[in-house]
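Here's the structure, in structure tokens; my notes come after.
There are 2 protein chains.
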Amino acid sequence: MRAEIIAIGAELLGARRPETNSLYLAGELADLGIPLRGKSVLPDDERALAAGMAAACRRAEVVLCTGGLGPTEDDRTVAAAARALGCPLVRDPRAERRLRERYRRRGRGLRAADLRQALRLQPARWLPNRLGSALGQWCPTPHGCLILLPGPPRELQPMFAAQVRPRLRRLAPPAALATRVLSIAGLSESEVDRRAAPLYRRVANPATTILAVSTPQVELHFRARATSRRRAQALADALARRVERRLGRAVFSREQQSLVAVVGARLAARRQTVAVAESCTGGLLAAALTQEAGSSRFFRGGVVCYSDDLKVALAGVAPASLSAHGAVSAVVARQLARGARARLGTDWGIGVTGIAGPGGARPGKPVGTVFIAVCGPGLSTRARRWRFFGDRGLVRRSAVQTALNLLRLWLD
Amino acid sequence: MRAEIIAIGAELLGARRPETNSLYLAGELADLGIPLRGKSVLPDDERALAAGMAAACRRAEVVLCTGGLGPTEDDRTVAAAARALGCPLVRDPRAERRLRERYRRRGRGLRAADLRQALRLQPARWLPNRLGSALGQWCPTPHGCLILLPGPPRELQPMFAAQVRPRLRRLAPPAALATRVLSIAGLSESEVDRRAAPLYRRVANPATTILAVSTPQVELHFRARATSRRRAQALADALARRVERRLGRAVFSREQQSLVAVVGARLAARRQTVAVAESCTGGLLAAALTQEAGSSRFFRGGVVCYSDDLKVALAGVAPASLSAHGAVSAVVARQLARGARARLGTDWGIGVTGIAGPGGARPGKPVGTVFIAVCGPGLSTRARRWRFFGDRGLVRRSAVQTALNLLRLWLD
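Line by line, the protein sequences give chains P and F.
Going by this note's numbering, the first residue of the first sequence is number 12, and it counts up by one from there.
Going by this note's numbering, the first residue of the second sequence is number 12, and it counts up by one from there.
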């Protein structure tokens, strides 16, 4: 059994409104173990809608439509469904009475157009709506069902929960779904794929998806199905564990924590603190370290020394090192890390210096060259040269993620 | 001529990730005067994808597909397109060389699978991608074209702008469109609407859209259509000028510059520099000031003093002020601004201290309370108390935008 979602409304085809009902419905379907085959957004055009619904009903057993059930001219969902299924519409006297009653209570007159809301697909059952005037419908189709729900989330969600979910549960095979996500830093998407694909390529259950969330962070999603949620979770976890052994320390979370959260938790557990001295990242590393609540437990502060004389004044870089090696060098990165640690009185120090671009390349140091140094308790200061690619923003974000990942590895 | 969008990727069918590329593309299509007939999200399943593409190509002249162009197993877009159009795939030696070159530069080996990225639909042209390895393709179809673009927005958007938009403009009907955008800071969306709507509400051409880009930044888009581009531009500009007179100094750009770019250009024109001392924004203000190339002309550096003792050590805040007024106070914000200016040797100084949340509220100082101070040449240091709303991230971004806007207003 598979599902499709059709969201209806011209306003959802503009540049501003993301369609979000399908996210809620996707979560509900996943809980029910019904895979979602696809989703679409269509305008309130009766012919196009009818064609979309008919095609969806051929491909999927469960077709969920949202929106277009109101009383205005451009609400065409019910008429389109009748055309798609080739079934007549009937005017339901009970629904009509309920509608008249509702309008009367609100002191509003009932127009002829409003009565369209009392039209039911002949084979369908009503899905009552306690929070609005538009009723939903559950209509059997040759292979399954077509479900019409109103667009406003505060009407749709309680209707789904109270009326659609229990019906689908009765229809759906007793399968349960579970997911495990591995978050990976320091390896590219294709490198992760190269190493891990032999383990998952020929496995259909769990299904594996690889995702480049943000350079240099990659996620592997393992989605398993079984007769119970616990068994599905065990399946997903078993494959995730095998892949994790292959990827080693590049995996930093099994619980979709951010890299910063992982680093922060390790520092806090050791009651240690970190400070940063950054040049090309210009404050972005400090901003990343403070992005989640509670960062004051492990982050004390940082200096952004964009100009060379501030590298000397704020982080204690030696002027001789600047003139001998240039600001973008391993030597200066090391002095930045040590300066941050000493002057800000922390256990760990990170120094970052590089060329974010687009200008600033020097002979032997192309745009994207970044030196990152880390020093800490009982650790000689280590600096490494990196080469990041992409525009200024991506080079800066890559440098931040890499610096956090280095600190994580040294905290292990 | 009509368009459809197909977003490709199993991860877009889950409960967490809204599909957003289609919002960008919808806006672009609207600018081109090409109506969007519908959009869909499909998983990386070759058969389902091919069927979806073939149906879309029958219904719409322009079919835009996003995602699934990478080197991994689950990238099936090109193979599906070949199946949908019934055309062969050819291995392009030039693309292959480019790919080898790219991998070599990054010191990575090239696997056989990576070479799939050099497969082109026989009738198609490549759409180069400067920011990633996945190339796009523009393929003629019996009624129009099928366009394949990569999923990451930062690759897709410049590719669309540079390569797809001009080609579509040549295909689209010869009505000329022009747009003028006013960027506004310091007024809420509803405040902008209240003041400006009387000027544009009853005007159909130009069409006006109000957009809350990011708190506290609002944009007004005026989109005019006429028989020539020049006439359309004149129409859009005329209405924009009237609205701008109504909104006054809240308008900071007519050319879609960022607030940072405007502030930076004004500082650079005066040959002046700025430094920052930040607490709750944790480096985000410095990061904003350095986000665009050339920031070293006006930005020297900053200090992130998250802990109280570092406010004293790095920015010269008086310990007595901290104990008398607390770290979140106008007095401390002023001392941070002055400290940054004096210690980092700049013309302007900005100090930010506040409660980003979710914890940390104090009596009389709820979460979202932020004090921002600015000092500069011949200006007594001014501090103001703000109350921002939303989660931690939004409070921090609001504080950064507000600080930049204050500096802009004082630079006027």
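Think of the CB as a built atom: it goes at the ideal place given N, C-alpha and C, for glycine as much as any other residue.
No experiment lies behind these values; they were computed from the predicted model shown.
9 angstroms Cβ cut-off: residues of chain F touching P/Leu-295: For the purposes of this step, residue 295 of chain P is taken as residue 284 along the first sequence, with counting starting at 1. Close partners of P/Leu-295 in chain F (Cβ separation under 9 angstroms): Gly-294, Leu-295, Ala-297, Ala-298, Thr-301 and Gln-302.
Minimum Cβ-Cβ distance from F/Leu-270 to chain P less than 8 angstroms: Taking the second sequence and counting its residues from 1, one reaches residue 270 of chain F at position 259. F/Leu-270 does not count as touching chain P.
N-terminal and C-terminal residue of the beta strand (DSSP E) that F/Gly-63 is part of: As a first step, residue 63 of chain F must be located in the second sequence, where it is residue number 52. Looking at the DSSP string, F/Gly-63 is not in any beta strand (DSSP E); the run it does join, the alpha helix (DSSP H), is 57-70.
Identity of the residue in P/Thr-364, P/Pro-164 and P/Leu-347 nearest P/Leu-425 by Cα: Since the first residue shown for chain P is 12 and the last is 423, residue 425 of chain P is missing from the structure and cannot be characterised.
Three or more C-beta pairs below 8 angstroms linking the stretch 101-110 of chain F and the stretch 122-137 of chain F: Contact check between the stretch 101-110 of chain F and the stretch 122-137 of chain F: three or more CB pairs, one atom from each, fall below 8 angstroms, which counts as touching.
CA-to-CA distance, F/Glu-289 to F/Tyr-317, given in whole angstroms: Taking the first residue of the second sequence as position 1, residue 317 of chain F is located at position 306. Taking the first residue of the second sequence as position 1, residue 289 of chain F is located at position 278. A straight line joining the alpha-carbon of F/Tyr-317 with that of F/Glu-289 spans about 8 angstroms.
Entirely enclosed alpha helix (DSSP H) segments - the stretch 196-266 of chain P, minimum 4 residues: Fully enclosed alpha helix (DSSP H) runs of 4 or longer: 200-211 and 240-258.
Under the three-state DSSP convention, the category F/Ala-326 falls into: What you label residue 326 of chain F is simply residue 315 of the second sequence in a count that begins at 1. In the structure shown, the three-state DSSP call for F/Ala-326 is helix.
Partners in chain P for F/Val-52, counting only beta-carbon separations shorter than 7 angstroms: Position 41 of the second sequence holds residue 52 of chain F. For a Cβ distance threshold of 7 angstroms, residue set Gly-49 and Lys-50 of chain P lies close to F/Val-52, ordered along the chain.
CB-CB length for F/Ala-275 against F/Glu-303, believed under 8 angstroms: If you number the second sequence from 1, residue 275 of chain F lands on position 264. If you number the second sequence from 1, residue 303 of chain F lands on position 292. The identity of residue 275 of chain F in the sequence shown is Gly, whereas the question assumes Ala. Yes, they are in contact, since the Cβ atoms of F/Gly-275 and F/Glu-303 sit about 7 angstroms apart, within 8 angstroms.
Same chain, Cβ closer than 6 angstroms to F/Ala-384, five either side skipped, listed in chain order: Along the second sequence, one-based indexing puts residue 384 of chain F at 373. So the qualifying residues of the chain are Ala-344, Arg-345, Ala-348, Gly-362, Thr-392 and Ala-394.
Spatial neighbours of F/Arg-180 in its chain, beta-carbon cut-off 8 angstroms, leaving aside the 5 residues before and after: The residue labelled residue 180 of chain F in the question sits at position 169 within the second sequence. In the same chain as F/Arg-180, and ignoring 5 residues on each side of it, the C-beta atoms closer than 8 angstroms to its own belong to Leu-43, in chain order.
Contact set for F/Phe-263: own chain, Cβ-Cβ below 8 angstroms, skip 5 residues either direction: Position 252 of the second sequence, counted from the first residue, corresponds to residue 263 of chain F. So the qualifying residues of the chain are Ser-194, Ile-195, Ala-196, Leu-270, Val-273, Asn-416 and Arg-419.
Amino acids of chain P, ordered along the chain, whose beta-carbon sits closer than 8 angstroms to that of F/Val-314: To locate residue 314 of chain F, count along the second sequence from 1; it is residue 303. Within chain P, the C-beta atoms nearer than 8 angstroms to that of F/Val-314 come from Gly-312, Gly-313, Val-314, Val-315 and Leu-325, in chain order.
In chain order, each alpha helix (DSSP H) run of at least 4 residues that lies wholly inside the stretch 115-197 of chain P: If we require 4 residues or more, the alpha helix (DSSP H) runs fully inside the stretch 115-197 of chain P come out as 164-170 and 176-182.
8 angstroms Cβ cutoff, F/Glu-112 in contact with chain P: The residue given as residue 112 of chain F occupies position 101 in the second sequence. Answer no: the Cβ-Cβ gap between F/Glu-112 and chain P never drops below 8 angstroms.
Pair within 8 angstroms by beta-carbon distance, F/Val-74 and F/Ile-158: If you number the second sequence from 1, residue 74 of chain F lands on position 63. If you number the second sequence from 1, residue 158 of chain F lands on position 147. Yes; because the gap between Cβ atoms is below 8 angstroms, this pair is in contact.
Distance between P/Gly-294 and F/Thr-284 (C-alpha atoms, nearest Å): Counting from 1 along the second sequence, the entry for residue 284 of chain F is found at position 273. Counting from 1 along the first sequence, the entry for residue 294 of chain P is found at position 283. Each residue's alpha carbon lies about 17 angstroms from the other.
For P/Leu-138 and F/Gly-147, the rounded distance between their alpha carbons: In the second sequence, counting from the first residue as 1, residue 147 of chain F sits at position 136. In the first sequence, counting from the first residue as 1, residue 138 of chain P sits at position 127. Distance between the alpha carbons of F/Gly-147 and P/Leu-138 is about 45 angstroms.
Residues near P/Tyr-222 by beta carbon distance below 6 angstroms, same chain, minus five either side: As a working mapping, residue 222 of chain P is identified with position 211 in the first sequence. The question names Tyr, but residue 222 of chain P is Leu in the sequence shown. For P/Leu-222, where only same-chain residues beyond five positions count, the Cβ hits under 6 angstroms are Glu-230.
Test item: CB-CB of F/Gly-20 and F/Asp-55 under 8 angstroms: Within the second sequence, numbered from 1, the residue matching residue 20 of chain F stands at position 9. Within the second sequence, numbered from 1, the residue matching residue 55 of chain F stands at position 44. Cβ distance < 8 angstroms, so F/Gly-20 and F/Asp-55 count as in contact.
CB contact flag (F/Thr-357, F/Cys-291, <8 angstroms): Residue mapping note: residue 357 of chain F aligns to position 346 of the second sequence, counting from 1. Residue mapping note: residue 291 of chain F aligns to position 280 of the second sequence, counting from 1. With respect to F/Cys-291, F/Thr-357 sits apart: the two C-beta atoms are not nearer than 8 angstroms.
Beta-ladder partner(s) of P/Ala-394, from DSSP: To locate residue 394 of chain P, count along the first sequence from 1; it is residue 383. Beta-bridge pairing links P/Ala-394 to P/Ala-384.
Minimum Cβ-Cβ distance from F/Gly-275 to chain P less than 8 angstroms: Here residue 275 of chain F refers to the residue found at position 264 when the second sequence is read from its first residue. So, not an interface residue.
8 angstroms Cβ cutoff, P/Phe-233 in contact with chain F: Mapped onto the first sequence, residue 233 of chain P falls at position 222. Judged by the 8 angstroms Cβ criterion, P/Phe-233 is not in contact with chain F.
C-alpha distance - P/Ala-123 paired with F/Glu-255, whole-angstrom precision: Along the first sequence, one-based indexing puts residue 123 of chain P at 112. Along the second sequence, one-based indexing puts residue 255 of chain F at 244. As the crow flies, the alpha-carbon of P/Ala-123 is around 45 angstroms from that of F/Glu-255.
Closest Cα partner of F/Ala-243 within the set F/Arg-206, F/Ala-187, F/Arg-116 and F/Glu-112: Within the second sequence, residue 243 of chain F is the residue found at index 232, counting from 1. F/Ala-187 is the residue among F/Arg-206, F/Ala-187, F/Arg-116 and F/Glu-112 whose C-alpha sits nearest the C-alpha of F/Ala-243.
Nearest-angstrom Cβ-Cβ length linking F/Leu-424 and F/Arg-311, presumed shorter than 8 angstroms: Limits of chain F in this structure are 12 at one end and 423 at the other, which puts residue 424 of chain F out of reach.
Residues of the stretch 354-372 of chain P with Cβ closer than 9 angstroms to any Cβ of chain F, in chain order: Identification of residues in the stretch 354-372 of chain P having a C-beta nearer than 9 angstroms to some C-beta of chain F yields Arg-354, Leu-355, Gly-356, Ala-367, Gly-368, Pro-369, Gly-370 and Gly-371, given in sequence order.
Nonlocal neighbours in the same chain, by C-beta distance under 8 angstroms from F/Ala-338, ignoring five residues either side: Looking up residue 338 of chain F in the second sequence gives position 327. Result list for F/Ala-338: Ser-290, Asp-319, Lys-322 and Thr-364, in chain order.
Three-way DSSP call (helix, strand, coil) for P/Leu-296 in this model: For the purposes of this step, residue 296 of chain P is identified with residue 285 of the first sequence, where counting begins at 1. The three-state secondary structure of P/Leu-296, taken from DSSP, is helix.
Contacts that P/Asp-204 makes with chain F (C-beta to C-beta distance below 8 angstroms): Within the first sequence, the letter at position 193 stands for residue 204 of chain P. Near P/Asp-204 (Cβ distances below 8 angstroms), the residues of chain F are Pro-82, Thr-83, Glu-84 and Ala-124.
C-beta atoms of F/Leu-110 and F/Arg-87 nearer than 8 angstroms: Counted from its first residue, the second sequence places residue 110 of chain F at position 99. Counted from its first residue, the second sequence places residue 87 of chain F at position 76. Not closer than 8 angstroms, so no.
Environment of F/Phe-171 [buried if 16+ CB atoms lie within 10 Å]: For the purposes of this step, residue 171 of chain F is taken as residue 160 along the second sequence, with counting starting at 1. With 16 or more Cβ atoms within 10 Å of its Cβ, F/Phe-171 is classed as buried.
Within chain P, the residues that F/Arg-403 reaches when beta carbons sit closer than 7 angstroms: The residue labelled residue 403 of chain F in the question sits at position 392 within the second sequence. Here the neighbours are Ala-304.
Residues within the stretch 209-230 of chain P neighbouring chain F, beta-carbon criterion of under 7 angstroms: Result list: Arg-212, Thr-220, Ile-221 and Leu-222.
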